[in-house]
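See below for the structure under consideration.
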Amino acid sequence: MYKLFITYLFLVTPFLILAQEPTISVASEQQQLSDTIVSELYVLQDTLLSDSTGIDSLGGVKEEKPVIDEPIDYASTDSMIVSLDGQKVYLYNEAKVKYQNIELEAYYIELDLETKEIYAEGVRDSLGEMTQKPIFRQGSEEYESETMRYNFESEKAFITKVVSAQGEGFIHSDRTKKIGEEVFVTKDAKYTTCDADHPHFYLHLTKAKVVSNEKIITGPAYMVLEDFPIYFPILPFGYFPNSPTYSSGILIPKYGEEQNRGFFLRDGGYYWAASDYFDLAVQGDIYSKGSWGTRIKTNYKKRYKFGGNFGFEYAKNKYGEKGLDTYSEATQYKILWSHSQDSKANPNQTFSASVNISSSGYDKQNAYDMNDYLTTTKSSSISYSRKFENTPFNMSMNLRHSQNTKDSTMSLSLPEMTFSMAKVYPFRKKNRSGKIKFYEKFGINYTANFKNSITAKEDEILSSSFATDWKNGLRHNLPISFPSFNLFKYVNFSPGISYNEKWYFKKYNYNYVAGGDFPNNPSSIPDNIQIDTITGLNRVYDYSYSVSASTNIYGMYIPRNPNSKVKGIRHKMTPSVSFSYKPDFGDERFGYWQEVQVDEEGNTSFYDTNLGGIYGGSPGRGESGAISFSVTNNLEMKKLDTRDSTKTDEEQKFRKVKLIDNLSIASSYNLIADSLNLSPFSIRARTTVAGVSINLGTTLDPYMVNENYRRIHKYAWNERSGLGKLGRVTRANLSFGMNFKSKDKKKPGENKEGQDDAPLPDDAMLAIYDNYVDFSMPWDFGFDYSLNYTGPSSAYPDGRVTQTLGLRGNVSITDKWKLSAMTNFDIQEQEFALTSFRLNRDLHCWNMAFNFVPFGYRKSYSFTISASSSMLQDLKIQKQQSHYDNFEF
Numbered sequence: 014m015y016k017l018f019i020t021y022l023f024l025v026t027p028f029l030i031l032a033q034e035p036t037i038s039v040a041s042e043q044q045q046l047s048d049t050i051v052s053e054l055y056v057l058q059d060t061l062l063s064d065s066t067g068i069d070s071l072g073g074v075k076e077e078k079p080v081i082d083e084p085i086d087y088a089s090t091d092s093m094i095v096s097l098d099g100q101k102v103y104l105y106n107e108a109k110v111k112y113q114n115i116e117l118e119a120y121y122i123e124l125d126l127e128t129k130e131i132y133a134e135g136v137r138d139s140l141g142e143m144t145q146k147p148i149f150r151q152g153s154e155e156y157e158s159e160t161m162r163y164n165f166e167s168e169k170a171f172i173t174k175v176v177s178a179q180g181e182g183f184i185h186s187d188r189t190k191k192i193g194e195e196v197f198v199t200k201d202a203k204y205t206t207c208d209a210d211h212p213h214f215y216l217h218l219t220k221a222k223v224v225s226n227e228k229i230i231t232g233p234a235y236m237v238l239e240d241f242p243i244y245f246p247i248l249p250f251g252y253f254p255n256s257p258t259y260s261s262g263i264l265i266p267k268y269g270e271e272q273n274r275g276f277f278l279r280d281g282g283y284y285w286a287a288s289d290y291f292d293l294a295v296q297g298d299i300y301s302k303g304s305w306g307t308r309i310k311t312n313y314k315k316r317y318k319f320g321g322n323f324g325f326e327y328a329k330n331k332y333g334e335k336g337l338d339t340y341s342e343a344t345q346y347k348i349l350w351s352h353s354q355d356s357k358a359n360p361n362q363t364f365s366a367s368v369n370i371s372s373s374g375y376d377k378q379n380a381y382d383m384n385d386y387l388t389t390t391k392s393s394s395i396s397y398s399r400k401f402e403n404t405p406f407n408m409s410m411n412l413r414h415s416q417n418t419k420d421s422t423m424s425l426s427l428p429e430m431t432f433s434m435a436k437v438y439p440f441r442k443k444n445r446s447g448k449i450k451f452y453e454k455f456g457i458n459y460t461a462n463f464k465n466s467i468t469a470k471e472d473e474i475l476s477s478s479f480a481t482d483w484k485n486g487l488r489h490n491l492p493i494s495f496p497s498f499n500l501f502k503y504v505n506f507s508p509g510i511s512y513n514e515k516w517y518f519k520k521y522n523y524n525y526v527a528g529g530d531f532p533n534n535p536s537s538i539p540d541n542i543q544i545d546t547i548t549g550l551n552r553v554y555d556y557s558y559s560v561s562a563s564t565n566i567y568g569m570y571i572p573r574n575p576n577s578k579v580k581g582i583r584h585k586m587t588p589s590v591s592f593s594y595k596p597d598f599g600d601e602r603f604g605y606w607q608e609v610q611v612d613e614e615g616n617t618s619f620y621d622t623n624l625g626g627i628y629g630g631s632p633g634r635g636e637s638g639a640i641s642f643s644v645t646n647n648l649e650m651k652k653l654d655t656r657d658s659t660k661t662d663e664e665q666k667f668r669k670v671k672l673i674d675n676l677s678i679a680s681s682y683n684l685i686a687d688s689l690n691l692s693p694f695s696i697r698a699r700t701t702v703a704g705v706s707i708n709l710g711t712t713l714d715p716y717m718v719n720e721n722y723r724r725i726h727k728y729a730w731n732e733r734s735g736l737g738k739l740g741r742v743t744r745a746n747l748s749f750g751m752n753f754k755s756k757d758k759k760k761p762g763e764n765k766e767g768q769d770d771a772p773l774p775d776d777a778m779l780a781i782y783d784n785y786v787d788f789s790m791p792w793d794f795g796f797d798y799s800l801n802y803t804g805p806s807s808a809y810p811d812g813r814v815t816q817t818l819g820l821r822g823n824v825s826i827t828d829k830w831k832l833s834a835m836t837n838f839d840i841q842e843q844e845f846a847l848t849s850f851r852l853n854r855d856l857h858c859w860n861m862a863f864n865f866v867p868f869g870y871r872k873s874y875s876f877t878i879s880a881s882s883s884m885l886q887d888l889k890i891q892k893q894q895s896h897y898d899n900f901e902f
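Here it is, written out as structure tokens:
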């Protein structure tokens, strides 16, 4: 009875559907109808399959498991038609079908429950373009085609005109067969990284097998560029890894030629994806004239703990022909290491590293990047710090390195340790009530620093003596902060005492030797003085007293004209005065300075027994009681930003304009010195004019110099005339820079803020505008100028002036063409420094680049056309002249 009822229902239902309008306009009715049909189809399919029986090997009745064991959800916006037998459903316009993890969208879908197949296709519009193409999704995979036929039972499909994304690439195929959940076979397909509907280039695959998210295996393949086939060279087979996760593999080398080193294969090697925690890449270079190099790089990371990378590079370059005088060999190395700790890993201790160390000639002979070539100073630091919780104590340890690759000078600090105590207030009560009393403001802090370092040439460090060449010591610093107070309410006074103590492990003793010759003496020690090193702990301490006072003075100017756009000008002046006293540490009781005979006449000089100490030598000779003074000025203007007659004075917008950011003058006067009491005046100024930051500085010495350019106690005020009375200019500098750029093109009907300020033209006017090209060339240009002056000296009797001008600019000739250039010009020497030009063209899926350095050591050019995708980075055409050919050996 149940089967008869279901059969009758499905015989009547199609006639009821056909009798209705073909388009279902009410969404709720459509959804109700869809749900009813889905339930009926599912019950019918389950009933038919359950009723199908057969005889098993034992003669019993066996029941087949239904192929479609879950409901099929489907819908469309136009119509849904069910066949008379209830085995087929036809969906029109924006049709959708969903079954388990399979989704299908298309204009037309035909569902056949008897054959367990589904068919889908798109529709062509009035222009003949295919629209609403079938889009098939299964899990993370998605494919678009013109037609598709899929079988639920075998999970196989036949697809025409399909485009599928595979990693960074795409596969276009006229006919494709899906033979597994993520496995396809295809014939005469196109593999490309171009995302255009009609790719600009592709590899024509005569036959291929695609395993999604794993690999693509092809038979014979050849390149097609702009629909022009390039049959030679042809690939007999191909393998393209297509994994969404990183994996191990061979790194294909680059090839080329240099005049000095010959033909080369560069950057070839192997990449090992070791684990989720680290990887390793080993690469090498080889040149036909004997040069070679190797590199090891690794990245590592442990989530929530630390991460970093390490690299070691080694190169052996050979120039010239072996056996000739011009033949030379150079061995270089480079070490890079970066390590950082996650801030949440341990809040009380940190470890970090930033290492960049190399031999002096490495970047000059092996660097590919221009910034590496221009860098002449390098530094490294490996740091560990620890904070002792609930205490004011901290500890840190550093290993430091710095070098100058121009003269191969290198400085090492191995190690440098610091122990510090934050400021504590010994007289302050823990459970204080009321205001802080005067004596409770008394504070003290402490810092201890140990350092062991050396500065020498690269090739001398390994052979250096730890006892004589390395410098080491321990420094203690104990500043005592007395409570500050206000005098006359506006003047702030701050007294203080500073105590410093240095522990060295050696000191020097000097002896005069008549006729002696000691050429290794420092430049400040005559050759007839013998220097003996005395080892042992040597304390060197100094202290000083100081008191300082400072205040702020304000001045205001308000224009009398009520209609003036300037509402006021404010002048802020901050004068400060301090007094410090330091005793004469050249006194014999301290033992810091030794009086030594220097000639046969018995003349003597004082020499520092701690000369060249790592924290400096002994405290200076002579008692000092100096008054230091400085004045800092700041000038600001408040002006009307916009004027609107409809707004009241309170509603007007104002903005501050800095006329003088900073203008400061500083000097000091030694009350105790017998001569040259006044120190040079340091003048600094900084301002901004029309968005341009200008920095100026000069040093004025109030005293004259003798014929040997040594200061003498004669004031310039009495010896010179005009502006020269203010003092001798010993140093001066001026620097500023400007940047210009094109204005952003304003769209019709928009103001500067991007808001509508005018009605758009009508449709007729828009049609006329379509016939014109929207021409614009965005550009930017900038320059930096610096001027430095050094006063007369024995090396430069007339003083020395250096001027440099740096220029840089970019212009977008079109949306695809871009030109950039930069240069530096030494005005004094009338010479250009590094100058380069770069021209780029975006070819959609390709890039064209032309780089040109017209002169200098980096003189070179390169012209490259390459695929944009990193997967096909070796697919390129390149012509170049290497700057390494300019190397003089």
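Read in order, the letters of the sequence shown correspond to residues 14 to 902 in the working numbering. In this text, a Cβ means the ideal position worked out from N, Cα and C, and glycines have one as well.
From the DSSP output, read off the bridge partner residues of residue i.
| i | result |
| --- | --- |
| Asn361 | According to DSSP, Asn361 bridges with nothing at all. |
| Phe838 | Leu818 and Phe845 |
| Lys220 | Lys200 |
| Phe498 | Phe506 |
| Val579 | Lys652 |
| Glu514 | His489 and Tyr554 |
| Lys347 | Glu326 and Ser371 |
Hey, residue i and residue j: beta-carbon distance below 7 Å or not?
| i | j | result |
| --- | --- | --- |
| Ser681 | His726 | no |
| Gln893 | Ser875 | yes |
| Lys377 | Gln416 | no |
| Ile544 | Tyr517 | no |
| Lys111 | Glu166 | no |
| Ser153 | Glu195 | no |
| Pro539 | Val611 | yes |
| His352 | Ser371 | no |
| Gln100 | Leu124 | no |
| Phe592 | Ile640 | yes |
| Val866 | Ser849 | yes |
| Thr431 | Asn462 | yes |
Helix, strand or coil for residue i, going by three-state DSSP, please let me know.
| i | result |
| --- | --- |
| Phe451 | helix |
| Glu166 | coil |
| Gln378 | helix |
| Gly635 | coil |
| Ser288 | coil |
| Ser882 | coil |
| Ala729 | helix |
| Asp385 | helix |
| Gly182 | strand |
| Lys129 | coil |
| Gly869 | coil |
| Gly67 | With a pLDDT of only 45 at Gly67, under 50, the local geometry of the prediction cannot be trusted, and the value read off the model is given with reservation. Strand at Gly67. |
| Leu4 | Residue 4 falls outside the range modelled here, since the chain spans only 14 to 902, and no answer is possible. |
So which of the options has the shortest CA-CA distance to residue i?
| i | options | result |
| --- | --- | --- |
| Asn647 | Tyr874, Thr701 and Gln893 | Thr701 |
| Ala358 | Gly320, Glu453 and Pro693 | Gly320 |
| Ser561 | Ile582, Asn541, Ser507 and Arg602 | Ser507 |
| Arg723 | Phe598, Lys872, Ser807 and Leu818 | Ser807 |
| Pro246 | Tyr252, Ala234 and Phe253 | Ala234 |
| Ile2 | Asp289, His414, Val644 and Trp305 | A query on residue 2 cannot be resolved here, the shown segment of the chain reaching from 14 to 902 and no further. |
| Ile696 | Asp240, Tyr259, Lys738 and Thr645 | Thr645 |
When burial is assigned at 16 or more other CB atoms within 10 Å of the CB, is residue i buried or exposed?
| i | result |
| --- | --- |
| Ile265 | exposed |
| His217 | buried |
| Arg488 | buried |
| Ala328 | buried |
| His857 | exposed |
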